[in-house]
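Okay, so the sequence shown: first residue is 1013 according to this note's numbering, each after it adds one.
We put the beta carbon where it would ideally sit given N, CA and C, even for glycine.
Only a predicted model underlies this, so the values are computations on that prediction, with no experimental measurement involved.
Below is one structure, written out as structure tokens; comments come after it.
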Amino acid sequence: MYQLNENIEYRITGYQNIVMQLALDPRIMTNLTQSYDSLEDVVMSLQELDTVTKQIRAYFPMRKVQFYKSNPTLLADGGVVLDLDKAGAHSWFAPMEAGNQQFYWHFNWEGAEPQPALHLSKWLIDYLTNERFGIVHVEVTNQALFSQLFNPLAFKNGNVMIADQNGKSLIRYKNEQPGVALNELAPYRQVFEADKGSFVAKIDGEQSMVMFETNRLGWKIIAVVKQEELWQQLRLVRQAAIAVSVLFVVLTLIVLVGFGRKVSNRLNALIRQMRKVRDGDLGLSTVVHGQDELADVEEEFNSMTIRLNQSLKDSAEARIAAETEKLRLLQAQINPHFLYNTLALVKSMAMDVKSAEISGTIDALAKFFRLALNRGGDTLSLRDELEHVRAYLDIHNWRYPGRLLTAWDIDESALDCRIVKITLQPIVENALQHAFKDRGGRGCITIRAALLDECLQIEIADDGMGMTQQTLQSLQADLSSRVARAKQAGDSGGFGLYNVNERLKRHYGESCIMEIDSSPGNGTSVRLKLPQQY
């Protein structure tokens, strides 16, 4: 019903637009309103008006297009142009003259035309003066207006009727000509009591559904469908809906099963990879599919295996390094009691032969080992650390008498500060090994210690040959890479500057500082800045 009403409304609007186009055409207004002085001008105007109407009728099915004019100087041709007073003889003129509507629709129940027609008329108005100067009148046959509109219903025996505002049919009804008074027929009287609705009535001996709507012209569009056929159609619709629903459910299940199987396969593959990782196989990865959430899990799994593999490698390397260091330390361990007893025996033998040099050297060596062992403790006072350095220097001086001078500048208030044991001796040993090579081991070492800004500051300086800038930078770089190079090279000699720096960092953290300054010919200075501890 809705679509049928829309189709009729579209046709009506189309013809109204044609009439409006004619009413606003400046050529028509000029030809109908200008004053004529010669018959030749009249003929030319009539020909132009006839041409306009023929052009319109060539594109739109209309039986007549006429102009009723009030201009006395324009002669009527009896076909396209007529005098305005002739319009009064038609039934459509009276309501048009009495009303003020823009368009007037009227069904012609008179005349001897083979097909009834609908009349559409509009006043021609001069909008400058707002005066009427004529009428444009169009006749459209019922067949042209309502063709190809029926039957829009999907029912074999469905029937459509259209009635005007007076209740008369505008199309054939039961093979009768238009004009049947539908409002007087019992089955359809209820249609004309409301604008729209539906009801069940007995028509031609069968129960039928009657549906109707009213358009803006007051016409009634009526559809009649046998009730049995309607129920049959509804059953077909229901069956189709059920079939579509079942098909949709089946397709949905197929999609869900396929999707679930795909996800399940990916999860199973990922689980298998995880189990391999659990069993120790870390050199593998899973294939990433797509860009969904599961793909994110697969990417994270691959990243995790890479990190875990690298972590295990690092852990293994660290464990090997620790075992190597442990073995080295075990090899270097000496039973303190056995060492002291042996040194005491050697000293006794030296005294028997009255050798002061041997006796003094043994005393210095015993003190050196006693302070180094420190009863297993990690720290000792600066006083004992300096005694440890003196013992080492005494041994050196017994071995190389007269070669080394030592200067001490120690703040008494700093002697009770705690310091990591064996911190200063490796630095002094490093100076003895490298600073005086060009002098045959002759030179001077200065050791300073003082408290400043709540820090223990220690400096060990020599007056040796010093280092170039390149060598100094290489040494500073070695402080952070000595372990790897030592492992690779099998280096077993001394603690070195790196060991001192590492042990200080482990004990004090980043609050301790080791600085090295040197230049060729001006010696080398190693400065330590340690937190003050007691």
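Handout entry: Bounding residues of the beta strand (DSSP E) (the contiguous stretch that carries G1146)
Key = Residue mapping note: residue 1146 aligns to position 134 of the sequence shown, counting from 1. In the DSSP assignment, G1146 falls within the unbroken beta strand (DSSP E) covering E1143 to T1153.
Exercise for the section: From the DSSP output, in three-state form, read off M1223 for me. Expected result: On the sequence shown, position 211 is the one that residue 1223 refers to. Three-state result, M1223: strand.
Exercise for the section: Could you tell me the boundaries of the alpha helix (DSSP H) in which K1433 lies? Expected result: Residue 1433 sits at position 421 when you count from the first residue of the sequence shown. Per DSSP, K1433 is not a residue of any alpha helix (DSSP H), being assigned neither H nor E.
Practice task
Could you tell me how far apart the beta carbons of I1525 and K1541 are, in whole angstroms, since I believe they sit closer than 8 Å?
Solution key: Here the question's residue 1525 lines up with position 513 in the sequence shown. Here the question's residue 1541 lines up with position 529 in the sequence shown. About 4 Å separates the two Cβ atoms, so the contact holds.
Practice task
Determine the direct distance from the alpha carbon of I1215 to that of N1227, and round the result to whole angstroms.
Solution key: In the sequence shown, the residue the question calls residue 1227 occupies position 215. In the sequence shown, the residue the question calls residue 1215 occupies position 203. Distance between the alpha carbons of N1227 and I1215 is about 24 Å.
Handout entry: Residue ranges of each alpha helix (DSSP H) within the region 1276-1333, 4 or longer
Key = List check, alpha helix (DSSP H) in window: nothing returned.
Problem - Per-residue DSSP class, three states only, for S1530 - result: Here residue 1530 refers to the residue found at position 518 of the sequence shown. Of the three classes helix, strand and coil, the one that applies to S1530 here is strand, per DSSP.
Practice task
Flag this pair as yes or no: are the beta carbons of N1154 and L1130 separated by less than 8 Å?
Solution key: The sequence position of residue 1154 within the sequence shown is 142, counting from 1. The sequence position of residue 1130 within the sequence shown is 118, counting from 1. Taking 8 Å as the cut-off, the beta carbon of N1154 is found closer than this to the beta carbon of L1130.
Problem - Other residues of its chain near P1164: CB distance less than 8 Å, five sequence neighbours each side excluded - result: Start at 1 with the first residue of the sequence shown, and residue 1164 comes out as number 152. For P1164, the predicted structure reports a pLDDT of 48, less than 50, and the residue's modelled location is therefore unreliable. A value from the coordinates is still provided. Taking C-beta separations shorter than 8 Å and ignoring five residues to either side along the sequence, the partners of P1164 in its chain run Q1015, L1016, N1019 and V1172, following chain order.
Exercise for the section: List the whole-angstrom C-beta distance separating V1432 from I1472, where the pair is believed to meet the contact cut-off of C-beta under 8 Å. Expected result: Locating residue 1432 in the sequence shown gives position 420, counting from the first residue. Locating residue 1472 in the sequence shown gives position 460, counting from the first residue. V1432 to I1472, Cβ: 15 Å. No contact.
Problem - Beta-carbon proximity of L1405 to T1418, cut-off 8 Å - result: For the purposes of this step, residue 1405 is taken as the residue at position 393 of the sequence shown. For the purposes of this step, residue 1418 is taken as the residue at position 406 of the sequence shown. Yes; because the gap between Cβ atoms is below 8 Å, this pair is in contact.
Problem - Whole-Å CB distance - K1081 paired with V1093, under 8 Å assumed - result: One-based indexing of the sequence shown puts residue 1081 at position 69. One-based indexing of the sequence shown puts residue 1093 at position 81. The C-beta separation of K1081 from V1093 comes to about 6 Å, placing the pair in contact by the 8 Å criterion.
Practice task
Taking T1483 as part of the alpha helix (DSSP H), name the residues at either end of that continuous run.
Solution key: Reading the sequence shown from its first residue, position 471 is the one you call residue 1483. Q1481 to D1490 is the extent of the alpha helix (DSSP H) around T1483.
Exercise for the section: Report the three-state DSSP secondary structure of T1264 (helix, strand or coil). Expected result: Locating residue 1264 in the sequence shown gives position 252, counting from the first residue. If DSSP states are grouped into helix, strand and coil, T1264 belongs with the helices.
Handout entry: Any 3 or more C-beta pairs closer than 8 Å across the region 1397-1415 and the region 1436-1451
Key = By the Cβ test, the region 1397-1415 is in contact with the region 1436-1451, since at least three Cβ pairs between them sit closer than 8 Å.
Handout entry: Proximal residues to V1064 (C-beta, below 8 Å), its chain only, five neighbours per side dropped
Key = Locating residue 1064 in the sequence shown gives position 52, counting from the first residue. Closer than 8 Å at the Cβ level, and outside the excluded window around V1064, lie L1034, D1037, R1039 and I1040.
Practice task
Using the Cα positions of A1498 and Y1510, report the straight-line distance between them to the nearest angstrom.
Solution key: Start at 1 with the first residue of the sequence shown, and residue 1498 comes out as number 486. Start at 1 with the first residue of the sequence shown, and residue 1510 comes out as number 498. Note that A1498 scores a pLDDT of 44, beneath 50, so its modelled location is shaky and nothing firm can be said.
Handout entry: Top-ranked residue by Cα proximity to A1193, from K1232, R1287, V1212 and L1248
Key = Locating residue 1193 in the sequence shown gives position 181, counting from the first residue. Checking every option, the nearest Cα to that of A1193 belongs to K1232.
Exercise for the section: On a CA-only basis, which of G1478, L1392, G1453 and R1415 is nearest Y1546? Give me that one, please. Expected result: Locating residue 1546 in the sequence shown gives position 534, where the first residue counts as 1. For Y1546, the nearest C-alpha among the options comes from L1392.
Problem - Outcome for Y1412 when other beta-carbon atoms lying within 10 angstroms are tallied against a minimum of 16 - result: To locate residue 1412, count along the sequence shown from 1; it is residue 400. Classified as exposed, Y1412 has fewer than 16 neighbouring CB atoms from the shown chains inside 10 Å of its CB.
Handout entry: Distance CB(M1221)-CB(V1203) smaller than 8 Å
Key = As a first step, residue 1221 must be located in the sequence shown, where it is residue number 209. As a first step, residue 1203 must be located in the sequence shown, where it is residue number 191. Annotated as distal: M1221 and V1203, with beta-carbon spacing of 8 Å or more.
Handout entry: V1512 in three-state terms, based on DSSP
Key = Numbered from 1 along the sequence shown, position 500 holds the residue referred to as residue 1512. Here DSSP, grouped into helix, strand and coil, assigns V1512 to helix.
Exercise for the section: Would you give the residue range spanned by the alpha helix (DSSP H) that S1057 belongs to? Expected result: One-based indexing of the sequence shown puts residue 1057 at position 45. Start and end: L1051 to Y1071.
Problem - Straight-line gap, A1307 to E1225 (C-alpha atoms, nearest Å) - result: Start at 1 with the first residue of the sequence shown, and residue 1307 comes out as number 295. Start at 1 with the first residue of the sequence shown, and residue 1225 comes out as number 213. It is roughly 59 Å from the alpha-carbon of A1307 to the alpha-carbon of E1225.
Problem - Alpha carbon of D1304 to alpha carbon of F1260, nearest angstrom - result: To locate residue 1304, count along the sequence shown from 1; it is residue 292. To locate residue 1260, count along the sequence shown from 1; it is residue 248. Taking the straight line from one Cα to the other gives about 25 Å.
Practice task
Using alpha carbons as the reference points, say which of E1109, R1023, T1085 and Q1067 lies closest to Q1046.
Solution key: Here residue 1046 refers to the residue found at position 34 of the sequence shown. Closest option to Q1046, Cα to Cα, is T1085.
Exercise for the section: Can you tell me which of D1475, R1460, S1425 and E1466 puts its alpha carbon nearest to the alpha carbon of M1447? Expected result: To locate residue 1447, count along the sequence shown from 1; it is residue 435. For the sequence presented, residue 1447 should be read as Ala rather than Met. The shortest C-alpha separation from A1447 is found at D1475.
Handout entry: Helix, strand or coil at P1190 according to DSSP, with G and I counted as helix
Key = Residue 1190 sits at position 178 when you count from the first residue of the sequence shown. Secondary structure of P1190 (DSSP, three-state): coil.
Handout entry: Burial state of L1416 (16 or more Cβ within 10 Å)
Key = Reading the sequence shown from its first residue, position 404 is the one you call residue 1416. In this structure L1416 is buried. Its beta-carbon is surrounded by 16 or more other beta-carbon atoms within 10 angstroms.
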